[in-house]
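These notes are about the structure you will find just below.
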Amino acid sequence: MYSDKVMDHFKNPRNVGEIENPDGVGEVGNPVCGDIMKIFLKIENNIVTDARFKTFGCGAAIASSSMATELVKGKTLEEAWEVSNKAVAEALEGLPPIKMHCSVLAEEGIHNAINDYRKKHGLEPWVEKNPHVHDHGEDLTCDH
Amino acid sequence: MGEKRIVYMDHSATTYTKREVLEAMIPYYSEHFGNPSSIYSIAGDSKKAIDAARLQVAKALGADTDEIYFTSGGSESDNWAIKGVAFANRKKGNHIITSAIEHHAVLHTCKYLEKEGFTVTYLPVDRYGMIDPADLEKAITEKTILVSVMFANNEIGTIEPIAELGAVAHNHKVYFHTDAVQVIGNVPVDVKAQNIDMLSLSAHKFYGPKGIGALYIKKGVKIDNLIHGGGQERKRRAGTENIAGIVGIGKAIELATADIDGHNKRIQGMRDRLLQGILAKIPGVYLNGHKEKRLPGNINVSFEFIEGESMLLWLDDEGICASTGSACTSGSLEPSHVLLATGLPVEISHGSLRLTLGDINTEQDVDFVLEVLPKVVSRLREMSPLYHKIGKEGGCDVQ
Chain A
4 MYSDKVMDHF KNPRNVGEIE NPDGVGEVGN PVCGDIMKIF LKIENNIVTD
54 ARFKTFGCGA AIASSSMATE LVKGKTLEEA WEVSNKAVAE ALEGLPPIKM
104 HCSVLAEEGI HNAINDYRKK HGLEPWVEKN PHVHDHGEDL TCDH
Chain B
30 MGEKRIVYMD HSATTYTKRE VLEAMIPYYS EHFGNPSSIY SIAGDSKKAI
80 DAARLQVAKA LGADTDEIYF TSGGSESDNW AIKGVAFANR KKGNHIITSA
130 IEHHAVLHTC KYLEKEGFTV TYLPVDRYGM IDPADLEKAI TEKTILVSVM
180 FANNEIGTIE PIAELGAVAH NHKVYFHTDA VQVIGNVPVD VKAQNIDMLS
230 LSAHKFYGPK GIGALYIKKG VKIDNLIHGG GQERKRRAGT ENIAGIVGIG
280 KAIELATADI DGHNKRIQGM RDRLLQGILA KIPGVYLNGH KEKRLPGNIN
330 VSFEFIEGES MLLWLDDEGI CASTGSACTS GSLEPSHVLL ATGLPVEISH
380 GSLRLTLGDI NTEQDVDFVL EVLPKVVSRL REMSPLYHKI GKEGGCDVQ
């Protein structure tokens, strides 16, 4: 059901854990929906120097967190903001349609962490260009 | 490196076909291939084999041979029983009663009938998954034509008070159907003593082949046909007989019901040791289902702070086959309707794990799962943001 890349990032997740005194933290998801992601960023001179995560969720959620943190490391905040859910899914060599929301969650987790940093520094949070619906692959919302 | 060790603990999903069963079947794919509806003598062999298998199934259920109809499996049997009775008794009434924890073969059939103008009551269950006969009594109306309640639940293993439920239905002259797919070989069945008018079963749940099942229909039950066509199964279920499958279900049910007590003692012994081990070794775990009234091989537990699919993937990596009620494996948004019906919170339902033991398992399998599972749970908890938030504040309850 999953690509080798997803299984690799699930079984050997990169960047698991927390960052002490992080510069930005983003938490997205809901235990009722079955997935929560918490992203921690270390930011120096506008560059993401470290990214870590903690995730409650399925294999795709864990692999998406792992890949998303890999993709943003070393990028400027502007570049990190542009890492889309599609980019995460593509880097994982695809996700089953029903699992695409996991990559959306990862994108939003990164965005929340970046905006957390911006708010802490008295900057206007950036606005989501294409707000996602948590569509779980269907036209439904997990909004218990 | 030898071959990877496989520990199969998903017997409620399906079982392997026993060698004796397979051996009994093989001649009916080769030398005895005749169509039992034909008149030449090789066709007679096929006919005799079907009669013998029908007797084996009837004996196992305490039924007469002319009350046993072969089908393609549990889903067909459920569809036939429910739609067949609904459409044949429409003039009498349009009300059907079932339960909230049925298999989808029953629930989706009932949903379909709702679209066709029937009304359906879904009986609730208590936190252990038990249905109260008093609730059934209250739900029956003048319009009720059928009650369909499963004998034992496939996910949490709870065994329902079938004889009592059947008695309530019969007091109101309402037909009583039960999906007994999980119980053959695990719980003694006697359709007469247990007040059952129709009973569904499927061979691949008791070490027979897939694609063959049966429906017991008590003499006199007014029921329409589901599969229309030729005159097979005494004109009630058309289609050339799956003779090898029929021979297989006959042999399998004979073997499965020969020594239910002995089988249960062995399976339940392993099950209890595994369950006790899980509860002792892992904090924050809850047992789902009934403590005593449960299928001998069934364990269903929920682990706090982690999600079921990721557990299954890790277990699979270690060669352990299990299942979960988490939404993430079902292709739907909701976790198991069974767990939710017992009142289990949605977030805990996502962390459920079902292990169903059977004949293939050994004490070494139990040791292996007890070695692997705590590591899997703690590995996933270590990366769960919930665990650190809640889990380390005063520990978790072990139920």
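Keeping their order, the protein sequence lines are chains A and B.
Be aware that the first sequence starts at 4, since it is given in my numbering, and climbs by one per residue.
Be aware that the second sequence starts at 30, since it is given in my numbering, and climbs by one per residue.
Idealized CB from N, CA, C, for every residue including glycine.
Item	Value
Taking 8 Å as the CB-CB cut-off, is Glu336/B touching chain A?	yes
If you measure between the beta carbons of Leu108/A and Asp38/A, is that distance less than 8 Å?	yes
Using CA atoms only, rank isn't needed, just tell me which of Gly29/A, Ile65/A and Asp7/A is closest to Lys41/A.	Gly29/A
Could you please give me the residues that DSSP links to Phe147/B through a beta bridge?	Partner(s): none; Phe147/B has no beta bridge.
Ser280/B to Gly158/B, Cα distance in whole Å?	Inspection of the sequence shows that residue 280/B is occupied by Lys rather than by Ser. Answer to the nearest angstrom: the Cα atoms are 32 Å apart.
So Arg410/B packs on Tyr416/B, CB below 8 Å; how close in whole Å?	4 Å
Can you look up Thr429/B in the DSSP assignment and give me helix, strand or coil?	Outside the shown range of chain B, which is 30 to 428, sits residue 429/B, and nothing can be said about it.
On the DSSP bridge assignment, give the partners of Asn45/A in chain order.	A quick correction: the sequence has Lys, not Asn, at residue 45/A. Note: Lys45/A sits in a beta bridge opposite Asp53/A.
Hey, Gly268/B and Ile225/B are a contact pair by Cβ (cut 8 Å); roughly how many whole angstroms apart?	In fact, because the Cβ distance is near 25 Å, the residues do not count as touching under 8 Å.
Apart from the five residues on each side of it in sequence, which residues of its chain come closer than 6 Å, Cβ to Cβ, to Pro238/B?	Thr46, Ala232, Gly274 and Gly277
So which residues on chain A does Ser177/B lean against when the C-beta distance must stay under 7 Å?	Here the premise fails: no neighbours, minimum Cβ distance about 29 Å.
So is Ile22/A in contact with chain B if we call contact Cβ pairs under 8 Å?	no
Compare the C-beta of Thr72/A with all C-beta atoms of chain B and state if any pair is closer than 8 Å.	no
Can you give me the Cβ contacts of Thr94/B inside the same chain, cut-off strictly under 7 Å, excluding the 5 residues immediately before and after it?	Arg83, Leu84 and Ala87
Using 10 angstroms around the beta-carbon of Asn18/A, count the other beta-carbons present and answer buried if the total reaches 16, otherwise exposed.	buried
Starting from the beta carbon of Glu347/B, find every residue of chain A whose beta carbon is closer than 8 Å, and list them in chain order.	Within 8 Å Cβ-Cβ: nothing; Glu347/B doesn't reach chain A, min ~11 Å.
Check whether the Cβ atoms of Val220/B and Ala92/B sit closer than 8 Å, and answer yes or no.	yes
When the distance is taken between beta carbons, is Leu74/A closer than 8 Å to Ile46/A?	no
Quick one: what does DSSP say Ile24/B is sitting in, helix, strand or coil?	Missing from the structure shown is residue 24/B; chain B here goes from 30 to 428 and no further.
What are the boundary residues of the beta strand (DSSP E) that includes Met299/B?	Unbroken run through Met299/B is the alpha helix (DSSP H), Ile289 to Lys310; no beta strand (DSSP E).
Leaving out five residues on either side along the sequence, give the residues of the same chain with a beta carbon under 7 Å from the beta carbon of Thr353/B.	Gly337, Glu338, Met340, Leu341, Ser381, Leu382 and Arg383
Check this for me: beta carbons of Thr187/B and Arg323/B, under 8 Å apart or not?	yes
Comparing C-alpha positions only, which one of Ile160/B, Leu402/B, Lys251/B and Pro312/B sits nearest to Arg119/B?	Lys251/B
From which residue to which residue does the alpha helix (DSSP H) around Tyr120/A run?	Met103 to Lys123
Listed in chain order, which residues of the region 367–397 of chain B have Cβ atoms closer than 7 Å to some Cβ of chain A?	Val375, Glu376 and His379
Which chain B residues sit within Cβ distance under 9 Å of Glu30/A?	Pro414
Hey, does Pro16/A have any beta-carbon neighbour from chain B nearer than 8 Å?	yes
Starting from the Cα of Asp396/B, find the closest Cα among Leu303/B, Ile328/B, Thr127/B and Asp107/B and give me that residue.	Leu303/B
Leaving aside the five residues before and after Glu347/B along the sequence, list all residues of the same chain whose C-beta is less than 7 Å from its C-beta, in chain order.	Val401
Got a sec: which bits of the region 51–63 of chain A sit with their beta carbon under 9 Å from any beta carbon on chain B, in order along the chain?	Phe56, Lys57, Thr58, Phe59, Gly60, Cys61, Gly62 and Ala63
Sorted by chain position, which residues of the same chain lie with C-beta nearer than 6 Å to Thr58/A's C-beta, five sequence neighbours on each side aside?	Met40, Ala64, Ile65 and Ser68
Could you check which residue in Ala309/B, Met179/B and Leu369/B has the C-alpha nearest to that of Ser104/B?	Met179/B
Going by beta carbon distance, what residues of the same chain come within less than 7 Å of Ile256/B, once the five residues before and after it are set aside?	Arg266, Ala267 and Gly268
Leu342/B touches chain A at which residues, Cβ-Cβ below 7 Å?	Phe13 and Gly62
For a contact defined as C-beta to C-beta under 8 Å, what are the partners of Ser355/B on chain A?	Gly37 and Cys61
What would DSSP say about Val28/A, mapped onto helix, strand or coil?	strand
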